[in-house]
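Here's the structure, in structure tokens; my notes come after.
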Amino acid sequence: MDSEHLSQLLDRYYRGETSVGEENELRRMLSADGTPSTPEAHAAAAMLGMAEQPHERMAAEIRLHEARPARWRIALVTAASAAIVAVAITLTRPTVYGYVNGRPVTSLAEARVCSESIFLDMRTDGADRTDPLRGLLDIE
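So the sequence shown is numbered by our numbering: it starts at 866 and just counts up by one.
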């Protein structure tokens, strides 16, 4: 048996280019003793054997079902998405250094200017502004 000729017949068979005579020759070669034991030869022998069977016996039972993702995967994806959103909100939210007239101050330079002006006003003003704080902070 010529293994090169068998290989060429197998290639042509898989491409659907063989004639009925070549398929019969292929059947004969695959059923003979000393046939090379390759996966291609086994597959061709199985396909040729199925082609010889009547169509009623060839009917395969096929069940189609809808693939549903596992519940734990859905829970994991939901938790990961929530964590990503929480981190994104935390990282994009500006730092508030204080409030001036109800408006948040998010710039450090503006916060310094506002605090310096408040302390300068307390020094230059003759009024004692620490009276309300004396009872709270125990200032002497």
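Just so you know, even glycine gets a beta-carbon here, dropped at the ideal spot from N, CA and C.
Hey, residue i and residue j: beta-carbon distance below 8 Å or not?
i, j, result
"Ala910", "Leu895", "yes"
"Glu890", "Tyr878", "no"
"Glu905", "Leu875", "yes"
"Arg892", "Leu913", "yes"
Over what stretch of residues does the alpha helix (DSSP H) that includes residue i continue unbroken?
i, result
"Arg968", "No alpha helix (DSSP H) holds Arg968; the beta strand (DSSP E) holding it covers Arg968 to Val970."
"Tyr962", "Counting along the chain, Tyr962 falls outside any alpha helix (DSSP H), and DSSP gives it neither H nor E."
"Arg818", "Residue 818 falls outside the range modelled here, since the chain spans only 866 to 1005, and no answer is possible."
"Ala944", "Arg936 to Thr957"
"Arg877", "Ser868 to Tyr879"
Which value, in whole angstroms, describes the spacing of the CA atoms of residue i and residue j?
i, j, result
"Val952", "Gly963", "23 Å"
"Ala940", "Ile949", "14 Å"
"Val978", "Pro959", "18 Å"
"Ser972", "Ile983", "17 Å"
"Val965", "Ala945", "38 Å"
"Val885", "Leu871", "15 Å"
"Val961", "Arg968", "10 Å"
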